[in-house]
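Report on the structure given below.
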Amino acid sequence: MSHFERQDGILHIEQISLEKIGQDFGTPAYVYSKAAIEEAYLQYTEAFTGQKHLVCYAVKANSNLGVLSILANLGAGFDIVSGGELERVVRAGGDPSKVVFSGVAKLEWEIGKALELGIACFNIESETELDQINRIASDMNVQAPISIRVNPDVDAKTHPYISTGLKENKFGVSRDLAMSMYIRAEALSNIDIKGIDCHIGSQITDLQPFIEAMHRIIDMVDELEKVNIKLEHIDLGGGIGVQYKDESTIDVEEYAGAIQQSLGHRKHTLIFEPGRFIVANAGVLLSQVLHLKNNEGNNFVILDAGMNDLIRPALYQSWQAVSVVKTAAAESARYNLVGPICESGDFLARDRELTVAAGDYIAIHSSGAYGFSMSSNYNSRNRAVELIVSGDTVHQVRKRETIDDQLNLESLFPSAFSYSTHDK
Ligand code: LLP
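Just so we're aligned: 44 in the working numbering is position 36 of the sequence shown, and the numbers increase by one with no gaps anywhere.
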């Protein structure tokens, strides 16, 4: 069910008016529905009922502590790509033994910290990384649980920037290299082989590439058994797309059925790393109209949110739905919705039919994933406040940044922390 509905012409999130939220907390504001996050997570995990599995939410999609704590309370695992994300998971009450660590390169301290906390698995992406993790584990006198990320060379048919499973992408290793890495890994004293892993891309709306990837992985699992390398789990990554506009998406139950069918009689635990599916449609970016402007026949809505708050439209030409929070009975027109940033690429939506006036609140939908987590201070703008709504209650889970927050790490020139090569 949608947790964004109109009541008396005003768009609400769960039981609260987005107009009231704008008035009370200011804008830009990221506003998430707790119920929507929980429903999406439960839908995913329940699709695999009866099958040993672990849903590891991809923290990068939305790493707010409040969001992570909701998922930790439901028993979710987490997919991380940095020590910062690991710390967030721990502080949100997540269980480190349900954490998988992805990414093409991991820093020494990040590997050390993950070993110390006893994470479930390192998803390894190169031969040198295998050696690095073995060395650090050996120094710490522990065993490092690993899987190897295979690049299955399937076309996920998504935006080139978020496609990861083709051989020209930097991610994973080829089948042949993976096979030889497993054999080498077996001989390494501080490596404990746990599984195999792939992630073919993001915002995938077609089931076929997933099935193809699963077949290629299963084939490798069977080959490895022949040389007596037995894996405990298969990690298929994330990537299930959501509906932003009118695209038909993957039915999770159908996805679960197809994957389990490919698994057949095998007894492996399945691991998944969904990010967008869990949070994208659970959040809006709430913004206020500062000005309406007409340049030579082009209508612009100038918002107080810009590409620093939500970069997806500028970076991926992504389309996200836009609503005026309070409908008015005036005439509509077609607008480009832009932000205050000094770049022509600073747009949030283009060519939308809206009835709008200065001062109105605008909701940019499907902003729960890769929204705040990709935001920046470009143009020295404070990052947005983040709020989670549950029923008729609003929880502020991140304060609006202040200019002092932004400047605290900087100093004038010359600084008290100067360093000269003459000092050596
Ligand atoms: N696992 C790995 C190893 C990943 O690299 C990713 C996403 C995920 C899981 C989660 O994928 P999801 O289920 O969210 O599709 N900023 C882009 C998306 C980048 C995705 C990067 N990797 C966007 O806004 O569309």
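Each residue gets a CB set at the ideal place from its N, CA and C atoms; glycine is no exception.
Where Glu339 falls, given that 16 or more other Cβ within 10 Å makes a residue buried: exposed
Residue closest to Gly379, alpha-carbon to alpha-carbon, out of Tyr324, Asp400 and Thr429: Tyr324
Pro104 versus Tyr65 - alpha carbon distance: So the two alpha carbons sit approximately 13 Å from each other.
C-alpha gap between Val402 and Ala365, whole angstroms: 26 Å
Reference Gly353; option with closest CA among Asn316, Gly34, Ser331 and Asp147: Nearest option by C-alpha distance: Asn316.
Rounded C-alpha distance that separates Asn306 from Ser188: 59 Å
Buried or exposed (CB count within 10 angstroms, at least 16 for buried), Cys350: exposed
Pairwise C-alpha distance: Ala377 and Ala290: A straight-line Cα-Cα distance of about 8 Å links Ala290 and Ala377.
N-terminal and C-terminal residue of the alpha helix (DSSP H) that Gln269 is part of: Val260 to Leu271
Asn198 versus Arg192 - alpha carbon distance: 12 Å
Heavy atom of the ligand LLP within 6 Å of Pro282 beta-carbon: Correct: Pro282 has its Cβ closer than 6 Å to the ligand LLP.
Val405 versus Val287 - alpha carbon distance: 15 Å
Contact test: His207 Cβ vs the ligand LLP heavy atom, cutoff 6 Å: yes
For Pro168, three-class secondary structure by DSSP: Helix.
Same chain, Cβ closer than 8 Å to Gly30, neighbours up to 5 away in sequence not counted: Ala37, Leu294, Gln296, Val333 and Tyr369
Three-state secondary structure (DSSP) of Asp161: coil
Own chain, CB closer than 6 Å to Phe218, minus 5 neighbours either side, in chain order: Excluding sequence neighbours, Phe218 sits near nothing in its chain.
Gly247 Cβ short of 6 Å to the ligand LLP heavy atom set: yes
Own chain residues within Cβ distance below 7 Å of Ser375, not counting five before or after: Tyr38, Gly291, Val292, Leu293, Leu318 and Gln328
For Ser249, the residue or residues it bridges with in DSSP: Note on residue identity: the sequence assigns Gly, not Ser, to residue 249. For Gly249, which the question treats as bridged, DSSP gives no partner whatsoever.
Proximal residues to Pro153 (C-beta, below 6 Å), its chain only, five neighbours per side dropped: So the qualifying residues of the chain are Cys129, Asp200 and Lys202.
Boundaries of the alpha helix (DSSP H) in which Arg96 is found, first to last residue: Gly91 to Arg99
Integer Cβ distance of Val162 from Glu220, believed to fall under 8 Å: 5 Å
Counterpart residues of Ile396 in DSSP-defined beta bridges: Tyr40 and His403
Close-in-space but distant-in-sequence residues of the same chain around Glu13 (CB under 8 Å, 5 per side omitted): Leu19 and His20
Arg183 versus Val229: straight-line alpha-carbon distance, rounded: Arg183 and Val229: Cα-Cα distance of roughly 11 Å.
Member of Asn81, Asp147 and Gly367 whose CA lies at the smallest distance from the CA of Val97: Asn81
C-beta atoms of Gly91 and Glu118 nearer than 7 Å: With respect to the 7 Å criterion, Gly91 and Glu118 are classified as neighbours on the basis of their beta carbons.
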